[in-house]
Amino acid sequence: MSDAFDVVVIGGGPGGYVAAIRAAQLGQTVALVEKENLGGTCLNRGCIPTKALVKAAGLWRDINHCSEFGFSVSEPRVDFGQVMARKNSVVQTLRSGTEMLMKSNKISVIRGRAELSRIGEVAVRIADGTASVIGAQNVILANGSAPARIPIPGADLPGVITSDEALELDSIPKRMVIIGGGVIGIEFASIFAAFGTEITVVEVLPVILPMVDDEISRRLTPLMKKAGINILTKTRVERIAKADGGLTVTVEGASAKNELNADLVLLATGRVPVTDGIDIPGLGLQMNGRVVAVDQRMRSNISGVYAIGDLVGGAMLAHVASAEGIVAAENCAGIDSVIDYRVVPSCIFCEPEVASVGLTEKEAKDKGFNVKVSKFPFSANGKALTLGEPNGTVKLIGDADTGQVLGGHIMGPHATDLIAEVGLAIKARLTAAAIAHTIHAHPTLAETVAEAAHGLVSKPLHLA
């Protein structure tokens with residue numbers, strides 16, 4: 274055994290590296306084992322690169338509508354190679370920043386594939402197959418996840434890709450079928466539709482984005498169709514086959530079968546936890562299906578072994594993994610810390626943006642609250658109109674008995690930023706009156722949240 278550490282973190286994603294930093298801040302000796310690049314899926318193949326493409330797609334959308342603002346641009350074109358180069362540059366900058374954080378916190382970063390088969394020891398296997406063993410008083414499993422591949426005939430054909438490959442394309446596809454109308458599918462649909470790709474989204478459920486408030490999903494669908502995105506709900510994919518010049522996707526809807534032609538087929542059917550290197554039966558590690566079973570302190574059933582992030586299921590979001598990492602690290606240091614899933618914001622970077630936090634209207638009613646709902650449209654907000662982005666609404670869910678805010682659901686410009694105010698209100702158990710009576714700057718998009726809060730107290734001010 275070469276070294277011994279208070280905490281060994283397996284996986285350098287947003288859960289793992291944040292756990293390592295927090296443990297180091299608390300005076301623990303920390304090693305972080307990562308077989309690839311620091312930052313995990315979020316930084317390298319998820320959140321950050323997709324948002325770089327979202328920005329580029331938004332600029333291209335603005336260029337094509339700039340005449341509305343009095344500008345004339347003749348024959349604009351997309352240099353997709355430069356778009357991808359900028360995306361890579363952003364990723365590299367943040368990756369370097371993460372490396373610097375490890376050094377400044379005196380965290381030992383060990384490159385290789387981690388293997389856990391004995392309590393108190395982590396084996397690290399490098400590319401040539403050799404392995405070293407490090408001691409670990411505590412282990413935090415942060416292995417992350419990988420794109421799910423559903424068992425569709427033809428899913429292994431060339432041209433059938435996951436989000437990983439979509440982020441490495443060297444040209445804009447002419448036609449793309451996206452299987453899955455969840456967060457990943459809808460974000461990529463918005464990105465490539467803006468660049469001119471003919472998009473069809475196939476979703477087996479009755480609505481896209483089934484995890485958000487029903488009303489928000491229903492309002493988003495026609496806006497996406499207006500943007501040229503074909504959305505097929507209640508539709509199942511039967512097979513994918515080769516065709517002249519591309520692929521054919523056979524789907525079956527409520528009434529008939531149909532064949533969709535595509536250059537690329539994107540599998541956007543979720544992600545599955547990665548447990549490679551963990552000797553689950555040998556350790557006696559308790560599982561809940563494919564995820565590690567943990568308590569509110571992120572402890573597994575094995576003393577000294579914690580698990581966080583996508584490995585424990587639930588909301589597979591980077592910010593959730595980071596919060597879980599902090600909780601695990603604090604418990605490793607002897608601090609009694611528990612996770613609070615009551616306030617988990619969900620952000621979808623489509624066009625327009627969608628963000629949610631807290632209870633949906635249906636969830637609040639199912640829990641027995643005396644529900645009051647208030648909505649305020651962006652079309653009545655001055656800042657939204659100056660931006661040329663009037664589509665969308667703020668929907669707040671309140672408890673009519675106590676006045677507390679129970680949930681918030683926003684579709685519109687900068688929804689992913691605006692949702693933070695609602696999340697803070699729910700976390701602090703604030704009433705709608707507390708938001709409504711807080712002076713919000715004018716003209717700002719945040720006024721839409723204040724107006725919706727006024728609607729829970731009495732009536733919005735700027736709505737006839």
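Going by this note's numbering, the sequence shown opens with residue 274, and the numbers climb by one from there.
All C-beta atoms, glycine included, are put in the ideal place defined by N, C-alpha and C.
Identity of the residue in V578, E471 and M497 nearest I283 by Cα: V578
Could you check how far apart the C-beta atoms of V395 and V281 are, in whole angstroms? I think they sit under 8 Å. 5 Å
Just verifying my parser: in three-state terms, what is the DSSP assignment at V722? helix
Residues in its own chain within less than 7 Å of V510 by CB, not counting five upstream and five downstream? I425, I452, V475, V522 and V524
Entirely enclosed beta strand (DSSP E) segments - the region 423-489, minimum 3 residues: For the region 423-489, whole beta strand (DSSP E) runs of length 3 or above, ordered along the chain, are 448-452 and 471-475.
At what residues does the alpha helix (DSSP H) containing S362 begin and finish? Looking at the DSSP string, the run of the alpha helix (DSSP H) that includes S362 is F353 to S377.
For G631, the first and last residue of its enclosing beta strand (DSSP E): V627 to G631
Would you be able to state if there are at least three C-beta pairs under 8 Å between the region 640-651 and the region 577-592? The region 577-592 is not in contact with the region 640-651.
Per DSSP, what kind of secondary structure is E662 in: helix, strand or coil? coil
Let me know the secondary structure DSSP gives F344 once reduced to three states. coil
Please classify N643 as buried or exposed, where buried requires at least 16 other C-beta atoms within 10 Å of its C-beta. exposed
Suppose you measure from the CA of Q298 to the CA of G454; what does that come to, to the nearest Å? 41 Å
So what's T523 in DSSP terms, helix, strand or just coil? Strand.
Tell me the residue span of the beta strand (DSSP E) that contains A535. K530 to A535
In three-state DSSP terms, what is Q559? coil
With a threshold of 16 other CB atoms inside 10 Å of the CB of S362, please say whether the residue is buried or exposed. An exposed status is given to S362, since fewer than 16 other beta-carbon atoms sit within 10 Å of its beta-carbon.
Using a Cβ-Cβ cutoff of less than 6 Å, which residues in the same chain neighbour M375 once the five nearest sequence positions on both sides are dropped? V382
At what residues does the alpha helix (DSSP H) containing G598 begin and finish? Its alpha helix (DSSP H) spans residues A591 to C605.
CB A601 to CB M571, shorter than 7 Å? yes
Find out if the Cβ-Cβ distance for the pair G665, P618 is shorter than 7 Å. no
Can you give the beta carbon distance from I599 to V291, rounded, assuming they're within the 8 Å contact cut? So it is a contact: roughly 6 Å between Cβ atoms.
Three-state class that DSSP yields for V564 in the structure shown: Strand at V564.
Mark I392 as exposed unless 16 or more other C-beta atoms lie within 10 angstroms of its C-beta, in which case mark it buried. exposed
Quick check on this structure: which residue in N531, L537, G543 and I683 has the alpha carbon closest to the alpha carbon of I423? G543
Can we count I399 as close to the ligand MG, meaning its CB is less than 6 Å from some heavy atom? This structure simply doesn't include the ligand MG, nor any ligand for that matter.
Mark R295 as exposed unless 16 or more other C-beta atoms lie within 10 angstroms of its C-beta, in which case mark it buried. Under this definition R295 is a buried residue.
Pull up the distance between the alpha-carbon of G319 and that of S436, whole angstroms please. Roughly 8 Å separates the two Cα atoms.
Taking all protein chains shown into account, do 16 or more other C-beta atoms lie within 10 angstroms of the C-beta of M274, making it buried, or fewer, making it exposed? Low per-residue confidence applies at M274: pLDDT is 48, beneath 50, and the placement is therefore not dependable enough to give any value.
Decide yes or no for the touch test of the region 439-447 against the region 349-358: beta carbon pairs closer than 8 Å, at least 3 of them. Judged by Cβ distances under 8 Å, the region 439-447 makes contact with the region 349-358, as three or more pairs qualify.
Please work out which residues of its chain come closer than 8 Å, Cβ to Cβ, to R563, disregarding the five sequence neighbours upstream and downstream, and give them in chain order. V545, P546, T548 and G586
Alpha helix (DSSP H) segment containing L697, residue limits: A688 to K700
Could you check what DSSP says for F651 in three-state terms: helix, strand or coil? helix
Does L615 come out as helix, strand or coil in the three-state DSSP assignment? Note that residue 615 corresponds to Arg in the displayed sequence, not to Leu. Coil.
Closest by C-alpha distance to L729, when choosing among K668, A737 and K499: K668
Excluding the 5 residues preceding and the 5 following D583 in the sequence, name in chain order all residues of the same chain whose CB lies nearer than 6 Å to its CB. Closer than 6 Å at the Cβ level, and outside the excluded window around D583, lie G417, S418, P546 and M589.
Any beta carbon from chain B within less than 7 Å of A726's own beta carbon? The chain labelled as chain B is not found in the depicted structure, where only one protein chain is given.
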